[in-house]
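Residue numbers (the numbering used here), protein chains in the order written: chain A, 1 to 158; chain B, 159 to 666.
Each remark here refers to the structure printed beneath this line.
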Amino acid sequence: MARRAGDDRLAARAHSVAAKTYELSELLVDVLGVTDVGAHYPHRVTYHPTCHSLRMLRVGDKPLQLLRAVRGLDLVELPAAESCCGFGGTFALKNAETSTAMLADKMRHVQSTGAEVVTAGDSSCLMHIGGGLSRLRAGTKPVHLAEILAGEGWEAAL
Amino acid sequence: MSTFLGLPVATDRGTLRGERPFPAAARDALRNSQLRRNIGHATAMIRVRRAAVVAEREDWEALRDAGSAIKTDVMARLPELLVELERNVIAAGGRVHWARDADEANAIITRIVQDVGTRQGQPVEQVVKVKSMATQETDLNRALAEAGIEAIETDLAELIVQLADDKPSHILVPAIHRNRAEIREIFARHMPEVDPSLTDTPRELAMAARAHLRRTFLAARVAISGANFAVAETGTLGVVESEGNGRMCLTLPNTLITLMGIEKVLPTWRDLEVFLQLLPRSSTGERMNPYTSLWTGVTPGDGPQEFHLVLLDNGRTAALADEVGRAALHCIRCSACLNVCPVYERTGGHAYGSVYPGPIGAVLTPQLAGMRGGHGRDADPVDSLPYASSLCGACYDVCPVKIDIPSLLVELRARHVEGEQARRRMPTAEALAMAAAAQAMAGPRRFAAAERAMRVGRAFAHDDRISALPPPLSSLASGWLSARDLPAPPPETFRQWWARRRTDRGAR
Numbered sequence: 001m002a003r004r005a006g007d008d009r010l011a012a013r014a015h016s017v018a019a020k021t022y023e024l025s026e027l028l029v030d031v032l033g034v035t036d037v038g039a040h041y042p043h044r045v046t047y048h049p050t051c052h053s054l055r056m057l058r059v060g061d062k063p064l065q066l067l068r069a070v071r072g073l074d075l076v077e078l079p080a081a082e083s084c085c086g087f088g089g090t091f092a093l094k095n096a097e098t099s100t101a102m103l104a105d106k107m108r109h110v111q112s113t114g115a116e117v118v119t120a121g122d123s124s125c126l127m128h129i130g131g132g133l134s135r136l137r138a139g140t141k142p143v144h145l146a147e148i149l150a151g152e153g154w155e156a157a158l
Numbered sequence: 159m160s161t162f163l164g165l166p167v168a169t170d171r172g173t174l175r176g177e178r179p180f181p182a183a184a185r186d187a188l189r190n191s192q193l194r195r196n197i198g199h200a201t202a203m204i205r206v207r208r209a210a211v212v213a214e215r216e217d218w219e220a221l222r223d224a225g226s227a228i229k230t231d232v233m234a235r236l237p238e239l240l241v242e243l244e245r246n247v248i249a250a251g252g253r254v255h256w257a258r259d260a261d262e263a264n265a266i267i268t269r270i271v272q273d274v275g276t277r278q279g280q281p282v283e284q285v286v287k288v289k290s291m292a293t294q295e296t297d298l299n300r301a302l303a304e305a306g307i308e309a310i311e312t313d314l315a316e317l318i319v320q321l322a323d324d325k326p327s328h329i330l331v332p333a334i335h336r337n338r339a340e341i342r343e344i345f346a347r348h349m350p351e352v353d354p355s356l357t358d359t360p361r362e363l364a365m366a367a368r369a370h371l372r373r374t375f376l377a378a379r380v381a382i383s384g385a386n387f388a389v390a391e392t393g394t395l396g397v398v399e400s401e402g403n404g405r406m407c408l409t410l411p412n413t414l415i416t417l418m419g420i421e422k423v424l425p426t427w428r429d430l431e432v433f434l435q436l437l438p439r440s441s442t443g444e445r446m447n448p449y450t451s452l453w454t455g456v457t458p459g460d461g462p463q464e465f466h467l468v469l470l471d472n473g474r475t476a477a478l479a480d481e482v483g484r485a486a487l488h489c490i491r492c493s494a495c496l497n498v499c500p501v502y503e504r505t506g507g508h509a510y511g512s513v514y515p516g517p518i519g520a521v522l523t524p525q526l527a528g529m530r531g532g533h534g535r536d537a538d539p540v541d542s543l544p545y546a547s548s549l550c551g552a553c554y555d556v557c558p559v560k561i562d563i564p565s566l567l568v569e570l571r572a573r574h575v576e577g578e579q580a581r582r583r584m585p586t587a588e589a590l591a592m593a594a595a596a597q598a599m600a601g602p603r604r605f606a607a608a609e610r611a612m613r614v615g616r617a618f619a620h621d622d623r624i625s626a627l628p629p630p631l632s633s634l635a636s637g638w639l640s641a642r643d644l645p646a647p648p649p650e651t652f653r654q655w656w657a658r659r660r661t662d663r664g665a666r
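As structure tokens, this is what we get:
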């Protein structure tokens with residue numbers, strides 16, 4: 001983008017920052033070589049692979065490796081996991097109704113798992129899915145992957 | 159930096175510019191439960207089939223790279239390849255016509271059909287057609303009808319659309335929005351000779367269409383087709399299809415007219431090897447399509463004795479001149495991007511208002527038709543297309559020629575925003591919000607201050623959630639709050655918590 005605007009210096013700076021920036025699960029699994037972070041999180045959890053983690057950053061199953069190592073965590077597979085939740089930044093406002101239609105299907109799949117918690121590596125998607133579930137008083141809440149990995153006991157979920 | 163993208167290039171007429179912006183058209187589509195179910199079911203089925211046949215090819219990524227490289231080469235040498243194609247078609251006994259836009263293409267084809275009638279002393283009142291996106295783009299059937307020539311669509315799905323006086327909603331499966339029961343009704347109502355006891359089993363429906371079309375094929379004097387490929391070095395044209403009705407059109411009538419977008423040319427015969435693998439696996443999820451027809455000019459005593467190739471520009475040269483936009487011309491119309499698109503899956507194709515719907519339509523249409531700007535009631539519907547995507551990236555993953563559709567959409571959005579900024583004296587609320595965000599994100603201190611300021615939002619929260627906001631905030635967030643709550647901003651920002659945690663630990 002910087003290059004398109006003709007700013008090569010900014011592009012070089014952006015490149016150097018990008019080279020040392022990692023997604024959380026990448027940092028833990030690839031850079032630090034850790035899959036078991038010693039967390040305890042006794043809840044039924046389903047993982048939504050967000051479009052950016054799945055198709056742009058290509059983090060693959062690293063978040064799942066981390067979640068599987070969390071003690072007490074009951075990980076349930078999300079049906080149609082790879083389809084977009086409908087957030088898409090301004091898409092959720094400019095095309096609110098199409099976004100809601102996509103969200104409705106995502107929420108249906110989340111609820112079909114019986115999970116208490118839906119997690120992801122992307123806060124904005126969680127705000128979207130969580131916002132929909134909250135409106136429905138669905139009883140499933142959004143929790144970021146980092147919060148689960150920081151979990152030290154049952155009280156961490158409260 | 160070139161700025162061709164977004165300039166109006168095509169004529170007003172035609173089938174690229176819808177009547178309403180995408181969000182308004184999508185609203186109606188979303189309410190149509192039958193359409194939602196039909197398209198959801200059909201796209202899910204094609205997705206599974208495609209994934210299976212793609213997974214069995216170990217060299218799939220290499221094939222995609224090859225497809226992308228060939229197309230990049232074609233775009234770099236388009237003028238010389240087209241001249242080579244023209245030379246070789248003529249050498250093989252065909253004739254070549256060049257059409258700047260849709261109207262010119264329609265006029266050329268109408269004149270060719272009329273000339274056949276004049277020469278044979280009997281006007282041609284009916285022509286048969288092979289399924290073709292190019293003729294959909296130029297609205298050829300309407301132009302022929304105005305000249306008293308009836309164009310009969312022979313592709314089963316295209317026939318369904320034509321009989322119902324409907325519009326195609328998918329590049330490959332134009333009647334994807336219809337189910338069997340609806341098709342049975344359309345046949346019963348619009349095929350005069352059909353057996354009234356017709357059921358909705360696929361076999362009976364196909365047999366009814368077969369009986370309906372067979373008489374037409376045998377009587378047809380002129381056929382009109384599109385083309386999937388043209389080979390410059392041999393002057394060969396190619397059509398891939400499933401039903402064999404295309405083959406009937408391409409071989410039975412004495413005169414064949416092919417309308418082809420100029421970007422469809424390939425340099426060499428060998429290049430077909432790549433595309434004949436990429437296309438069927440990506441589009442119908444088949445290893446190989448049932449019928450591949452290739453023809454080179456005219457063969458005396460065999461097949462059509464008169465062959466015309468009409469080369470269509472209609473905005474393509476303008477797209478080619480744009481270094482970013484030209485990637486969209488690599489498209490081979492496989493429709494894999496439509497089938498994986500979560501937006502298309504919910505709204506269907508009609509909401510896009512263009513013969514090219516879905517992700518590729520959202521980048522191709524603005525380039526072929528131009529984005530004309532304007533706001534409110536005067537807004538150009540085409541301007542809404544680059545926003546008709548959540549940028550989830552599924553389309554890029556499946557594209558057989560690796561068109562980075564999400565990046566092209568973002569580029570088109572940027573040009574639309576820049577264009578509107580230049581046109582308008584007053585910035586929009588969105589522009590103001592974006593400017594404020596840019597300010598806040600310009601430095602860590604400002605960002606921290608903005609984060610702290612967010613706490614004000616707690617005033618609107620009940621039970622840790624925000625379900626409604628007072629004006630003027632309500633108008634900004636109405637799209638969001640209509641179906642979703644907002645989480646209440648936390649009492650403490652992450653930075654504050656982090657700093658406190660360090661101090662607490664230090665104190666211990």
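From the three backbone atoms N, C-alpha and C, an ideal C-beta is built for every residue, glycine too.
Because the structure is a prediction, the values reported are computed rather than measured.
Where the beta strand (DSSP E) through residue i begins and ends
i, result
"Ile382/B", "Val380 to Ser383"
"Gln284/B", "Gln284 to Lys287"
"Ser53/A", "Looking at the DSSP string, Ser53/A is not in any beta strand (DSSP E), and its letter there is neither H nor E."
"Ala257/B", "Arg253 to Ala257"
8 Å Cβ cutoff, residue i in contact with chain B
i, result
"Thr98/A", "yes"
"Ser83/A", "yes"
"Lys94/A", "yes"
Neighbour list for residue i in chain A, Cβ cutoff strictly below 7 Å
i, result
"Leu188/B", "Glu97, Thr98 and Ala101"
"Arg623/B", "Ser134"
Alpha-carbon spacing of residue i relative to residue j, whole angstroms
i, j, result
"Arg135/A", "Ala641/B", "7 Å"
"Gly6/A", "Glu569/B", "15 Å"
"Ser355/B", "Ala184/B", "36 Å"
"Thr119/A", "Pro63/A", "10 Å"
"Ala210/B", "Gly443/B", "8 Å"
"Trp655/B", "Ile148/A", "17 Å"
"Ala333/B", "Asp621/B", "48 Å"
"Pro649/B", "Val45/A", "26 Å"
"Tyr22/A", "Val31/A", "9 Å"
"Gly402/B", "Pro500/B", "32 Å"
"Leu174/B", "Val432/B", "30 Å"
"Asp324/B", "Gly89/A", "34 Å"
Near the ligand NAP: residue i beta-carbon under 7 Å from a heavy atom
i, result
"Leu627/B", "For the ligand NAP, the structure offers nothing, since it holds no ligand at all."
Under 8 Å from the C-beta of residue i: neighbouring residues of chain B
i, result
"Gly86/A", "Pro500 and Ser548"
Short CB-CB distance (under 8 Å) between residue i and chain A
i, result
"Arg660/B", "no"
"Leu165/B", "At Leu165/B, the pLDDT of 43 sits below 50, so the modelled position is not reliable and the matter cannot be decided from this model."
"Ser160/B", "At Ser160/B the pLDDT is 39, less than 50, meaning the model places this residue with poor confidence; the figure from the coordinates comes in the next sentence. So, not an interface residue."
"Trp656/B", "no"
"Ser640/B", "yes"
"Ala617/B", "no"
"Gly551/B", "yes"
"Asp223/B", "no"
"Thr169/B", "With a pLDDT of 45 at Thr169/B, under the threshold of 50, the modelled position of this residue cannot be trusted; read the value that follows with caution. Taking Cβ atoms only, chain A never reaches closer than 8 Å to Thr169/B, which makes this a no."
"Pro647/B", "no"
"Asp480/B", "no"
"Leu239/B", "no"
"Gly483/B", "no"
"Asp562/B", "no"
"Leu395/B", "no"
"Gly275/B", "no"
First through last residue of the alpha helix (DSSP H) which encompasses residue i
i, result
"Arg245/B", "Leu236 to Ala249"
"Ser124/A", "Ser123 to Arg135"
"Arg205/B", "Ser191 to Ala213"
"Phe91/A", "Phe91 to Lys94"
Where residue i meets chain A, residues with beta-carbon distance less than 8 Å
i, result
"Tyr545/B", "Thr90, Phe91, Lys94 and Asn95"
"Asp555/B", "Arg55"
"Leu644/B", "Met127 and Gly131"
"Gly473/B", "In chain order: nothing, as chain A lies at least about 23 Å away."
Chain B contacts made by the stretch 48 to 68 of chain A, where a contact means CB separation under 7 Å: Against chain B - using a Cβ distance shorter than 7 Å - the residues of the stretch 48 to 68 of chain A are Cys51, Arg55 and Met56.
message: Can you pull out the residues from the stretch 174 to 185 of chain B whose beta carbon lies closer than 9 Å to at least one beta carbon of chain A?
response: Phe180, Pro181, Ala184 and Arg185
- prompt: Along the stretch 122 to 144 of chain A, what residues have a CB closer than 7 Å to any CB found in chain B?
  reply: Met127, His128, Gly130, Gly131, Gly132, Ser134 and Arg135
- request: Return the residues of the stretch 505 to 523 of chain B that lie within a Cβ-Cβ distance of less than 7 Å from chain A, sorted by chain order.
  value: Thr505
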